[in-house]
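Residue numbers (this note's numbering), protein chains in the order written: chain A, -13 to 533; chain B, -13 to 533.
Here a beta-carbon is modelled for each residue, glycine too, at the ideal position from N, C-alpha and C.
Small disclaimer: the values here were computed from a predicted structure and weren't measured.
2 protein chains.
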Amino acid sequence: MNKQNIAKESTKLVANWKALHRTFIRLEDGAARATLVKYMEQILFGLHDFLQEHVGITEEISLKALSERYKNTKISENPERKLADVITNLIRGIAPNAVNVASPYFVGHMTSAIPFFMVHLKTIVAALNQNVVKLETSKVVSIIEKQILAKVHRLIFDNSESFYNKHVQNTETTLGCFVEGGTTANLTALWVARNSLLAPRDGFGGVEKEGISAAFREYGIERAVILVSRMGHYSLRKAAGILGIGSRNIIAIDVDEKHRTDMTMLEKTISEINKDSKTGIISVVGIAGSTETGSVDPLSNIAELCAENGIHFHVDAAWGGPILMSAAYRHLLNGIKYADSVTIDGHKQFYMPMSCGMVYFKNPEIMNTVSYHAKYVNRPGSVDLGIKSLAGSREANSLILDSALKIMGTKGYALLIDHGIETAKKFAAEIIKRPFFQLVTPPELNILTYRICPSRFRTELAANIDANRKNQINKTLNAINRTVQQIQRETGNSFVSRTTLNPRNIPEEETVVLRCVVMNPMTDIKILNEILDEQEKIYKSRFKPDA
Amino acid sequence: MNKQNIAKESTKLVANWKALHRTFIRLEDGAARATLVKYMEQILFGLHDFLQEHVGITEEISLKALSERYKNTKISENPERKLADVITNLIRGIAPNAVNVASPYFVGHMTSAIPFFMVHLKTIVAALNQNVVKLETSKVVSIIEKQILAKVHRLIFDNSESFYNKHVQNTETTLGCFVEGGTTANLTALWVARNSLLAPRDGFGGVEKEGISAAFREYGIERAVILVSRMGHYSLRKAAGILGIGSRNIIAIDVDEKHRTDMTMLEKTISEINKDSKTGIISVVGIAGSTETGSVDPLSNIAELCAENGIHFHVDAAWGGPILMSAAYRHLLNGIKYADSVTIDGHKQFYMPMSCGMVYFKNPEIMNTVSYHAKYVNRPGSVDLGIKSLAGSREANSLILDSALKIMGTKGYALLIDHGIETAKKFAAEIIKRPFFQLVTPPELNILTYRICPSRFRTELAANIDANRKNQINKTLNAINRTVQQIQRETGNSFVSRTTLNPRNIPEEETVVLRCVVMNPMTDIKILNEILDEQEKIYKSRFKPDA
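Take a look at the structure:
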């Protein structure tokens, strides 16, 4: 064996019982402890310092080039790397090609910076490694989850003290459930609504037990539908597909000029369906903060209509829910307390780490329609939270929300929420001021859309030109906005997203818009102006408007 | 204002923009950094040290007394506590009443100790806070997820190098998906199987779009079923309920003396269903490590039968999947490569923190049956992983598994797996040796069940007594085992779970058994003997057998 081989041999990593066994114990001696802390320090600050050097949102490397690096599909038999090297590689090799969602210049999606203590809280949850599916693997954490569910339920529904005293630790009733995210929350709400509409009755076991086809026969219907405005999140279509209702049976209701459910259209649709005895309505969904425009539906009006017609009223407040903590803006969600079920995301405006959703129910008994038991856990009448949840095993996200609310208070959260809404308003004013841009949807909450629309196009559009020419201009603008957004994203200094709307103020079919979500407290009007400047610059260099 | 009030006033916490804003920035100066590290140190070692003092699994406090402490349902307006106090309270106030699942004496469930580096990896995932629903909030992490999915796919299906080269970074195809846990994995697999059976065809949009009722009409059936042995996990019933098939349409197949699907019964059931043209079979599910007994179905035989009948073959390997990494025991899963879909949990025998599941598909195109798009993300043809997943937003668990496999290698995991299986075998031998206990199901993997059955009962049962007396004794034994398990759990030094089986070697109806899962590398035969000793002691003190 030559020297080189010996050197190679001595650094070769081998799987070793003693070393492995040791990783299951927090070591006692000072040196070993210091090493673990050193790794944590690297994680806490290494990432930060690295991103200080590389201010961009992501490194300039094409997806294709990047994916070439990750093509080996064999798991190594022996260890490939030591922990220290894995951590270093995550920080130096992987992080720069991940997306710096914490950057104040990243204003395109509902993912943003989180307070540093959230990372600490997530670490505690991982270290405790409780499994909330059952009391036997969580004990006090199941109890805390029930408490925090009651607290947020109270924020939404504002029932009496005695109502909450009765239900907060009641093992028979359920005020809500922690889930993976907004999609699972919407799915859970519609699952419950489906089972409530097609419930068990004399000689019939209910849709959950017997299936959709048998339930339709029993109830004499041929179709079940869910009504939501065309701003509804795509998770609703997915939920209808999964639940066996069929994604095409999500009926899209038109919206008014503020992108809110058009009440006349909703009323008309319900009354038409009611004439047809072969169609059942599982739910009407109201939106409190639509994904694309942040618009909020007239929740009180929808609630009234649902009550009159005995329809389950679900509110998708995945985005907007936490606005209830802001004294200045909670009125925007008026009527949410009349909902039968409400979706709220933890990883959105509760600023929790990925991923955490929640679903709440007005009626503490309604989740009985989705309960399951097993012989070895989740016995009837136990506190086991897994009895009434879509998921089985799941992590203790409730500990994070509970702690965060203690650290922040509703007023702390309100500071973040108010900052977002007010900064978005300032940004809208700035867009209006600039002749180069057109505001498409003003921010009702902290989301707005706009587009690049240089003045020569705007002048022409304002003139009395024919529809053909209008459409032609619109197509050109769509192409411009698509291109500028893409170049800006790939350059990596800042990021706004884009989507397609059919706004009333732009009568053409499909309008490509730029979408801005202001949730990062470090995002201010100065930064937003820089983003506009960059877009103008990209446009000018790319489209040579004077050529 | 008196002195006391002044003191109170000065310590009152208020929500404050400057302080809050600061929590979004990793601070630059040494003192602030030191504080953050100090908190992490507290989290890493405070918990450990505390649990060293309190060796038990959980503190002795009744559920009722505990829940009395968590009844306040108002969220505080102002901050209630500083971060430091929240952390201290989590360690000193909450952890002792959580469950010490990391204790080697906790052998009752599939939740256990995890290597400490898993906590570091989870912290990195939280600090990066990527959202894998779309490339724009994850970039390289989506690419790494595709790579690790290919690696585990290869471990299961062992296809050719060229197959993996073609699919590893292919944006059109999908080898699997990270999900919340085993339940969502099973649900996703059956969702895909349902949509494949009731697929779109001329003039029909498919079950996903049109719903179950329309699909049944189109395909001329009245019922769709899923076949699995009666050891199947309850998530399968739940999935059938959610998918609109109906939970009663999970057809339970009887098991052989080793608690494996009885092939004669399965064949018979399939051929009977085939005679009835009004029933469709969505899937046959094989189990690779049943929750209650760890038994593994004859996967090759089921695969063959499914292939002959053109039925989707799903394998629930939530527990057993990682055994494929053990050279000594992977043969126990022979036939898994013929599955159409496979569930594996990350938080079980991959020793990842709560919660992480995965589902894999043999056919890289089959997940097209569950794809959804939106205008602002997940556009067709993009790398956005959210196009084909039940969840929307989700965290980057793939980074944890990828890193863990680099640190451990398959051989490292094999050490853990072999230890579990071999320790369970030793434990079974010990139970057989003790006249006080009866081994009910020997460990095929690392799970076994047994019961307390003092020799006087066993002698009587072995004699030729009538069925009535046998049942009477069995009832007495059931009561004894229930009580001893409960007292042991509540005492808090050790924990085995209990379930109810209908084993062939005990012909009576329902047999309460004690269930032991050996996955903690610190659990050895000495500890397991102590657990048996404690059970014997509890029995003797409680039932006074000599009185």
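Exposed or buried, residue i, counting other C-beta atoms within 10 Å across all chains shown (16 or more means buried)?
{"i": "residue 528 of chain B", "result": "exposed"}
{"i": "residue 441 of chain B", "result": "exposed"}
{"i": "residue 24 of chain B", "result": "exposed"}
{"i": "residue -10 of chain A", "result": "Because the pLDDT at residue -10 of chain A is just 48, under 50, the model does not fix this residue reliably, and the point stays unresolved."}
{"i": "residue 137 of chain A", "result": "buried"}
{"i": "residue 521 of chain B", "result": "buried"}
{"i": "residue 260 of chain A", "result": "exposed"}
{"i": "residue 281 of chain B", "result": "buried"}
{"i": "residue -7 of chain A", "result": "In this predicted model, residue -7 of chain A has a pLDDT of only 43, less than 50, meaning its place in the structure is not dependable enough to derive any value."}
{"i": "residue 3 of chain A", "result": "exposed"}
{"i": "residue 50 of chain B", "result": "exposed"}
{"i": "residue 162 of chain A", "result": "buried"}
{"i": "residue 370 of chain B", "result": "buried"}
{"i": "residue 250 of chain B", "result": "exposed"}
{"i": "residue 117 of chain A", "result": "buried"}
{"i": "residue 452 of chain B", "result": "exposed"}
{"i": "residue 438 of chain A", "result": "buried"}
{"i": "residue 214 of chain B", "result": "buried"}
{"i": "residue 533 of chain B", "result": "The predicted position of residue 533 of chain B is uncertain, since its pLDDT is 42 and thus under 50; no value can be drawn from it."}
{"i": "residue 97 of chain B", "result": "buried"}
{"i": "residue 397 of chain B", "result": "buried"}
Does the Cβ-Cβ distance between residue i and residue j come in under 8 Å?
{"i": "residue 544 of chain A", "j": "residue 479 of chain A", "result": "With chain A covering -13 to 533 only, the question about residue 544 of chain A has no answer from this structure."}
{"i": "residue 142 of chain B", "j": "residue 346 of chain B", "result": "yes"}
{"i": "residue 476 of chain A", "j": "residue 95 of chain B", "result": "no"}
{"i": "residue 382 of chain B", "j": "residue 111 of chain B", "result": "yes"}
{"i": "residue 289 of chain B", "j": "residue 266 of chain B", "result": "no"}
{"i": "residue 339 of chain A", "j": "residue 108 of chain A", "result": "yes"}
{"i": "residue 379 of chain B", "j": "residue 168 of chain A", "result": "yes"}
{"i": "residue 327 of chain A", "j": "residue 81 of chain A", "result": "no"}
{"i": "residue 92 of chain B", "j": "residue 43 of chain B", "result": "yes"}
{"i": "residue 236 of chain B", "j": "residue 226 of chain B", "result": "yes"}
{"i": "residue 140 of chain B", "j": "residue 60 of chain A", "result": "yes"}
{"i": "residue 166 of chain A", "j": "residue 341 of chain A", "result": "yes"}
{"i": "residue 129 of chain B", "j": "residue 52 of chain A", "result": "yes"}
{"i": "residue 113 of chain A", "j": "residue 105 of chain B", "result": "yes"}
{"i": "residue 555 of chain B", "j": "residue 433 of chain B", "result": "For chain B, the structure presents residues -13 to 533; residue 555 of chain B sits outside this window and is missing."}
{"i": "residue 503 of chain B", "j": "residue 467 of chain B", "result": "no"}
{"i": "residue 269 of chain A", "j": "residue 231 of chain A", "result": "no"}
{"i": "residue 335 of chain A", "j": "residue 403 of chain A", "result": "yes"}
Would you mind giving the Cβ-Cβ distance between residue i and residue j, rounded to the nearest angstrom? I have them listed as a contact below 8 Å.
{"i": "residue 368 of chain A", "j": "residue 157 of chain A", "result": "7 Å"}
{"i": "residue 511 of chain A", "j": "residue 412 of chain A", "result": "5 Å"}
{"i": "residue 31 of chain B", "j": "residue 8 of chain A", "result": "Residue 31 of chain B to residue 8 of chain A, Cβ: 15 Å. No contact."}
{"i": "residue 241 of chain A", "j": "residue 223 of chain A", "result": "Contact flag wrong, Cβ pair sits at about 17 Å."}
{"i": "residue 401 of chain A", "j": "residue 6 of chain B", "result": "6 Å"}
{"i": "residue 464 of chain B", "j": "residue 516 of chain B", "result": "That pair is no contact at about 25 Å."}
{"i": "residue 508 of chain A", "j": "residue 186 of chain A", "result": "Actually they are not in contact, since the Cβ atoms of residue 508 of chain A and residue 186 of chain A sit about 53 Å apart, beyond 8 Å."}
Considering only residues of the segment 480 to 505 of chain A, which uninterrupted beta strand (DSSP E) runs meet the minimum length of 3 residues and lie entirely inside it, listed in chain order?
483 to 487 and 497 to 503
What residue ranges within the segment 390 to 451 of chain B form continuous alpha helix (DSSP H) runs of no fewer than 4 residues, ordered along the chain?
441 to 448
Note down, one range per segment and in chain order, each alpha helix (DSSP H) of at least 4 residues found wholly within the segment 321 to 350 of chain B.
none
Does the segment 296 to 313 of chain B touch the segment 328 to 338 of chain B, meaning 3 or more C-beta pairs lie closer than 8 Å?
yes
Using 8 Å as the threshold, is the segment 359 to 379 of chain A in touch with the segment 147 to 158 of chain B, meaning 3 or more CB pairs across them?
Cβ pair count under 8 Å is below three, so no.
Is it true that the segment 188 to 196 of chain B meets the segment 348 to 355 of chain A, where meeting means three or more beta-carbon pairs spaced less than 8 Å apart?
no
What residue ranges within the segment 210 to 244 of chain A form continuous alpha helix (DSSP H) runs of no fewer than 4 residues, ordered along the chain?
220 to 228
Unbroken alpha helix (DSSP H) runs of length 4 or more, entirely within the segment 231 to 319 of chain B: which are they?
For the segment 231 to 319 of chain B, the full-length alpha helix (DSSP H) segments reaching 4 residues or more read 249 to 261 and 285 to 295 along the chain.
Assess contact between the segment 377 to 396 of chain B and the segment 239 to 248 of chain A, defined as three or more Cβ pairs (one per stretch) separated by less than 8 Å. Is contact present?
As far as the Cβ criterion goes, the segment 377 to 396 of chain B does not touch the segment 239 to 248 of chain A, which means the pair count is below three.
Is it the case that the segment 53 to 66 of chain A contacts the segment 52 to 68 of chain B, given that we only count it when at least three CB pairs across the two stretches are under 8 Å?
no
In chain order, which beta strand (DSSP E) runs of at least 3 residues are fully inside the segment 105 to 193 of chain B?
162 to 165
Touching or not, the segment 198 to 205 of chain B and the segment 251 to 258 of chain B, by the rule of three or more beta carbon pairs under 8 Å?
Too few Cβ pairs lie closer than 8 Å, so no.
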